[in-house]
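Visitor:
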Amino acid sequence: MQITLPQTARAIRQSRAPAAIRRLAASLGAEGAIGLALLVAFAIVGISAPLLAPYDPAAFSGAPLERPSADHRLGTNDVGQDILSELIAGARISLAVALGAAGGTVLLAVLIGGAAGYAGGWIDAALMRVVDVLMALPQLPLLILITALLGAGLGQMVLVFAALFWPGTARIIRAQVLSLRRRGYVAQARGFGAGPVYILRRHILPAIGPLIVFGLVTAAARAVVFEAGLAFLGLGDPTAKSWGLMMRYALNLPGLLLSDRWLWWLLPPGLCVTVLILALNLLGIGLEHRLDPRLKRP
Amino acid sequence: MKSRFALTLVSLWAVLTLNFLLPRWLPGDPLAALLDPDSSSYVYNAEVRGALEAYYGLDRPLGEQYAAYLTGALGGDLGRSIRLNQPVSDLLREHLSWTLLLTLSALIAASLLGVIAGSEAAWRRRSAADRLLVVTGVLASNAPVFFTGMILLILFGVELRWLPLAGGRTPFARYDNALEQVRDYGAHLLLPALTLTLALVGSKFLLVRNSVIGVLGEDFMLVARAKGLSPRRLKRHHALRNAIVPFVHHLTAHAGFAITGALFIETLFNYPGMGRLIFESVVARDYPVIQGVFLVVSVLVLCANLLADWLTARLDPRTQEA
Chain A
91 MQITLPQTAR AIRQSRAPAA IRRLAASLGA EGAIGLALLV AFAIVGISAP
141 LLAPYDPAAF SGAPLERPSA DHRLGTNDVG QDILSELIAG ARISLAVALG
191 AAGGTVLLAV LIGGAAGYAG GWIDAALMRV VDVLMALPQL PLLILITALL
241 GAGLGQMVLV FAALFWPGTA RIIRAQVLSL RRRGYVAQAR GFGAGPVYIL
291 RRHILPAIGP LIVFGLVTAA ARAVVFEAGL AFLGLGDPTA KSWGLMMRYA
341 LNLPGLLLSD RWLWWLLPPG LCVTVLILAL NLLGIGLEHR LDPRLKRP
Chain B
1316 MKSRFALTLV SLWAVLTLNF LLPRWLPGDP LAALLDPDSS SYVYNAEVRG
1366 ALEAYYGLDR PLGEQYAAYL TGALGGDLGR SIRLNQPVSD LLREHLSWTL
1416 LLTLSALIAA SLLGVIAGSE AAWRRRSAAD RLLVVTGVLA SNAPVFFTGM
1466 ILLILFGVEL RWLPLAGGRT PFARYDNALE QVRDYGAHLL LPALTLTLAL
1516 VGSKFLLVRN SVIGVLGEDF MLVARAKGLS PRRLKRHHAL RNAIVPFVHH
1566 LTAHAGFAIT GALFIETLFN YPGMGRLIFE SVVARDYPVI QGVFLVVSVL
1616 VLCANLLADW LTARLDPRTQ EA
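Protein chains in written order, with this note's numbering: chain A, 91 to 388; chain B, 1316 to 1637.
(1) Taking DSSP's pairing of strands, which residues face Pro-1402/B in a bridge?
(2) Count the CB pairs spanning the region 1509-1521 of chain B and the region 1411-1431 of chain B that are closer than 8 Å, and state whether there are at least three.
(3) At a Cβ threshold of 8 Å, is Phe-1320/B touching chain A?
(4) Taking Cβ positions only, does Val-315/A come closer than 8 Å to chain E?
(5) Which bits of chain B does Trp-352/A rub up against, with CB to CB less than 7 Å?
(6) Nearest by alpha-carbon distance to Gly-241/A: which of Gly-324/A, Pro-296/A and Ile-124/A is it?
(7) Just to confirm, are Ser-1526/B and Phe-1562/B a CB contact at a threshold of 8 Å?
(8) Starting from the C-beta of Ile-294/A, find all residues in its chain whose C-beta is less than 8 Å away, skip the five residues before and the five after it, and write them out in chain order.
(9) Apply the 10 Å Cβ neighbour rule to Lys-1317/B and answer buried if 16 or more other Cβ atoms are within range, or exposed otherwise.
(10) Give the residues of chain B in contact with Pro-231/A, contact being defined as C-beta atoms less than 7 Å apart.
(11) Which residue marks the beginning of the alpha helix (DSSP H) containing His-1553/B, and which one marks its end?
(12) Let me check understanding here. Comparing Cα to Cα, which of Ala-260/A, Met-337/A and Ser-151/A lies closest to Asp-214/A?
(13) 8 Å is my cut-off, CB to CB: does Leu-323/A come that close to chain B?
(14) Taking the alpha carbon of His-1410/B as the reference point, which residue from Leu-1592/B, Gly-1391/B, Ala-1554/B and Ala-1628/B has its own alpha carbon closest?
(15) Cutting at 6 Å between CB atoms, please list the residues of its own chain near Gly-243/A, excluding the five before and the five after it.
(16) Roughly how far, in whole angstroms, is the beta-carbon of Gly-1665/B from the beta-carbon of Val-1523/B, given that I think they are within contact range, below 8 Å?
(17) Below 8 Å CB to CB, which residues in the same chain sit around Leu-381/A once its five sequence neighbours on both sides are set aside?
(18) Any Cβ of chain A within less than 8 Å of the Cβ of Ser-1404/B?
(19) Run through DSSP, which three-state label would Thr-166/A get?
(20) Please decide whether Leu-368/A counts as near chain B, where near means a Cβ-Cβ distance under 8 Å.
(21) Please list the terminal residues of the continuous alpha helix (DSSP H) segment that includes Arg-1441/B.
(22) Are the C-beta of Val-130/A and some C-beta of chain B separated by less than 8 Å?
(23) Please tell me whether Leu-1337/B has its Cβ less than 8 Å away from any Cβ of chain A.
(24) Where does Lys-331/A land, buried or exposed, given buried means 16+ other C-beta within 10 angstroms?
(25) For Arg-1547/B and His-1564/B, I'd like the C-alpha separation in whole angstroms.
(26) Let's test the definition: count the other Cβ atoms within 10 Å of the Cβ of Gln-92/A and tell me whether it reaches 16, buried, or not, exposed.
(27) Does the ligand HEM have even one heavy atom less than 7 Å from the beta-carbon of Phe-1562/B?
(28) Can you confirm whether the region 1364-1383 of chain B touches the region 1567-1575 of chain B when touching is taken to mean that 3 or more C-beta pairs between the two stretches lie within less than 8 Å?
(29) Among the residues of its own chain, which have a CB less than 8 Å from the CB of Leu-164/A, if the five just before and after it don't count?
(30) Taking Cβ to Cβ, would you say Asn-1457/B is nearer than 8 Å to Leu-368/A?
(31) My output table needs one value for Leu-372/A: the three-state DSSP class, helix, strand or coil.
(32) With 8 Å set as the bound, which would you pick, yes or no: does the beta-carbon of Met-1465/B sit closer than that to a beta-carbon of chain A?
(33) Please look up how many angstroms separate the CB atoms of Val-1363/B and Leu-1610/B, rounded, as I've assumed it's under 8 Å.
(34) How about Asp-222/A: is its C-beta nearer than 8 Å to some C-beta of chain B?
(35) Between which two residues does the alpha helix (DSSP H) harbouring His-1503/B extend?
(36) Check the Cβ of Asn-371/A against every Cβ in chain B and list those closer than 7 Å, keeping chain order.
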């Protein structure tokens, strides 16, 4: 079944989106709503990839370097794999890396930032100096060095991303926890004999919820950029055909740019990476405005 | 400022130490494989193995190795490239100037464009031109550099054939005069620099636009306007001058991003800078060179950050109190 864009738009209008979704879109602003919609679209493609892809992306389903045809909408690559199927399967890899890295980053940021803000004193001072130093280091060369030594597996890459990305978010969370800790209602809860675990769970975590969401989105955007970049440099996981790796393989073909092959082999993965990054960053902008209404563009 | 300086020194030490420790912590060091009985490239001849260990100082205690490494690195000795059998410091020197040329020209172009477009857009806030520029700015600062670069390469290098596809100069070219040489270098620089400029200009434009808009609401702007100053003078001497402090901070602090972007762009355009060097070293698993690039880029970024703080303190005395 083919679904065209006007049909989809009509369907959304007729469905009269629930009030909750409309409210969310309104509070995120135009940028955030566009970003969220694009992200949901990518997620749907990623989740249903095996159903959507016309072929097994790893199977040699055609002759090498076929031009686009009814059988292979985006042609085939240099070993005869269907490019459209690779593209759809690539969404899974990018999203998995984004999700993993974002989750790891925020987990570390909440644990370390929360500990620093809640404990205060020398623990806070020491942790924040570590944050300062880590934030001063240039990330890409460090990433290249670590992945070159560690070897490239997606899982390892996600761990390295989390280990490098947490300081920025940790600093924001620490500041928020620090200010929350001094609020009256938290002090009162403590006066009634509430333990630190109860206060963290009941009063601090809900209040830093929006910061956590924002941290997730920014870390995801960075993870997508760096994964594509590392794969593009030939440092990605060679068994996970991501969009960056597709571009690397395409560029490895001698004289790729001299024929029009780049149109269906190089351009689509590049566009996918770009739009995914754009979606995440737009959502980030929307969330930032929601967190701090003063940032709203005058 | 003093604490910033201390932070830079500590970060520099962290970079040096990471550079020393990472290859020793992480698997994948080709040298370690030669000495590891479980690896396939284990050197069975004990005499050769001993000589290797002694040559690279691996038989000494870790602390001693660390001290030797630090003194070597501070003296400019970064080891030898496995691939090219040249001192790493020579390779870095050779490639650094290309990266600096690319990064600095893009930073200058992006700053000029960003300041001019940003302040004009702020004065014409909410006009069609302003909206268009904002959307372009958001798009340009989000697209990954290797994608923008690819599009420009295909457009200007392949389809229109206006500019050379790759390299930093025409191979084997002999220049009759300096002008010819500058033209050749410039033609090769143009596309990579344009790519990097596009990647950098978006955030600069948005920053200048927003800070000029912020300044426009200040009381001193009202007074200046009431004095009957010309719009030109208002724009240049009152609005822009006050909006420039956050821009200067952003500019230098953003240098790290610029150098990172340059690494990708050089790979794409085969430009003979540090990016090309690190790419070729990664392919050949030439660890001393990868480490050297990491060290040099880190030092550049740390210096740029320090410069950012110093300039901000000089330009805006209010920040000195804090």
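Don't be surprised by glycine CBs; every beta carbon is placed ideally from N, CA and C.
Given the structure is predicted, the values throughout are model-derived calculations rather than measurements.
Guide: Answer, in terms of the structure:
(1) According to DSSP, Pro-1402/B bridges with Arg-1395/B.
(2) With a cut-off of 8 Å, the region 1411-1431 of chain B and the region 1509-1521 of chain B count as touching, because enough Cβ pairs lie within range.
(3) Using beta-carbon distances, Phe-1320/B does not count as an interface residue toward chain A, since no partner is under 8 Å.
(4) Of the chains in the structure shown, none is chain E; the protein chains are A and B.
(5) Correct list: Ile-1469.
(6) Among Gly-324/A, Pro-296/A and Ile-124/A, the Cα nearest to that of Gly-241/A belongs to Gly-324/A.
(7) Note that the C-beta distance between Ser-1526/B and Phe-1562/B is below 8 Å.
(8) Its chain contains Gly-204, Tyr-208, Val-267, Leu-270, Arg-271 and Val-276 as the residues whose beta carbon lies nearer than 8 Å to that of Ile-294/A, once the 5 sequence neighbours on both sides are disregarded; these appear in chain order.
(9) With fewer than 16 Cβ atoms within 10 Å of its Cβ, Lys-1317/B is classed as exposed.
(10) Correct list: Val-1608, Phe-1609, Val-1612 and Ser-1613.
(11) Careful: His-1553/B lies outside any alpha helix (DSSP H) and carries neither H nor E.
(12) Selected option, being the one with the closest Cα: Ala-260/A.
(13) By the rule that beta-carbons nearer than 8 Å mark a contact, Leu-323/A touches chain B.
(14) Residue Leu-1592/B is the option with its Cα nearest to His-1410/B.
(15) Cβ neighbours of Gly-243/A beyond the five flanking positions: Asp-327.
(16) A question about residue 1665/B goes unanswered here, because the residues of chain B that appear run from 1316 up to 1637.
(17) Around Leu-381/A: Pro-300, Leu-301 and Phe-304.
(18) Chain A, which has no Cβ nearer than 8 Å to the Cβ of Ser-1404/B, makes this no.
(19) Assigned with DSSP and collapsed to three states, Thr-166/A falls in strand.
(20) It does: the Cβ of Leu-368/A has a partner Cβ on chain B nearer than 8 Å.
(21) Element bounds for Arg-1441/B: n/a, residue is neither H nor E.
(22) Using a Cβ-Cβ cut-off of 8 Å, Val-130/A does not count as an interface residue toward chain B, since no Cβ of chain B sits closer than that to its own.
(23) Taking Cβ atoms only, chain A reaches closer than 8 Å to Leu-1337/B, which makes this a yes.
(24) Label assigned to Lys-331/A: buried.
(25) So the two alpha carbons sit approximately 25 Å from each other.
(26) Note on Gln-92/A: pLDDT 45, under 50, position unreliable in the model; no value is reported.
(27) The ligand HEM is not among the ligands present in this structure, which contains no ligands whatsoever.
(28) In short, these stretches do not touch, since the Cβ pair count stays below three.
(29) Within its own chain, the residues whose Cβ lies closer than 8 Å to the Cβ of Leu-164/A, once the five positions on either side in sequence are excluded, are Pro-158, Asp-172, Ile-173, Leu-174, Leu-177, Trp-354, Trp-355 and Pro-358, listed in chain order.
(30) Result yes, Cβ atoms of Asn-1457/B and Leu-368/A sit closer than 8 Å.
(31) Residue state, collapsed to three classes: helix.
(32) Taking a beta-carbon distance threshold of 8 Å, Met-1465/B counts as an interface residue toward chain A.
(33) Going by Cβ atoms, the distance from Val-1363/B to Leu-1610/B rounds to 30 Å, so no, they are not a contact pair.
(34) Between Asp-222/A and chain B, the shortest Cβ-Cβ separation is below 8 Å.
(35) Unbroken alpha helix (DSSP H) run through His-1503/B: 1493-1531.
(36) Under the 7 Å cutoff, chain B gives Asn-1457.
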